[in-house]
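Mind the numbering: the sequence shown is residues 185 to 346 in my numbering, read in order.
Heads up, the thing below is written out as structure tokens.
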Amino acid sequence: MRHGKKVNHLGRQAGHRKAMLANMACSLIEHKRINTTVAKAKALKQYIEPLVTKSKTDDTHNRRIVFSYLKNKYAVTELFREVAPKVGDRPGGYTRIIKLGNRLGDNAEMAMIELVDFNELYNAGKKEVKKATTRRGRKKAEPKADATPATETSTEATETNE
């Protein structure tokens, strides 16, 4: 039975794995996106999401907890000052994994992991899509525009009759 075995060991001993994930998390916070293998990206996602959640409330206790994981005071400062305000209203899902294909040397599956709110190109595309009008939206807008002058003229006509 495999009860309680949901940690991907990534072919490393515990100390090496913790150090590697801490370094990758610091790089992700600093550069906002990194390229790695799919397995490491999934492990990093599980590692960094609770840290970003902790960074939403800026107090000494949470800073010390995050520092115990990252071991880098510059990454902790960046996380609490720049990353946390951008993700303050987001209920979770702070990272995105995009598969890139296979690496030439050993054919390993590669992926890009990034912080969601820091991709300006992707967020700009989303905003443009929201601004676009549809046929259904235009039809609703036209009768409302016609209806408002009709009601205004009817109220004006009743006022002149009195």
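Ideal Cβ positions, reconstructed from N, Cα and C, are used throughout, including at glycine.
Just to confirm before moving on: does the CB-CB distance between LEU367 and ALA206 stay below 8 Å?
The chain is shown from 185 up to 346; residue 367 falls before or after that span and cannot be answered.
Have a look at ALA292 and LYS224 and give me their C-alpha separation to the nearest angstrom.
The alpha-carbon atoms of ALA292 and LYS224 are separated by roughly 11 Å.
Quick one: grab the DSSP three-state call for MET208.
Per DSSP, reduced to three states, the secondary structure at MET208 is helical.
For the alpha helix (DSSP H) that contains LYS226, what are its first and last residues?
Taken as a continuous stretch (DSSP letters only), the alpha helix (DSSP H) holding LYS226 covers 222-239.
Pick from THR237, LEU288 and LEU228 that is closest to VAL267, judged by C-alpha positions
Ranking THR237, LEU288 and LEU228 by Cα distance to VAL267 puts THR237 first.
Going by DSSP, what residues sit across from LEU351 in a beta bridge?
Lying outside 185 to 346, the shown extent of the chain, residue 351 is not represented and no answer is given.
Roughly how many angstroms separate the alpha carbons of HIS200 and ASP290, rounded to a whole number?
22 Å
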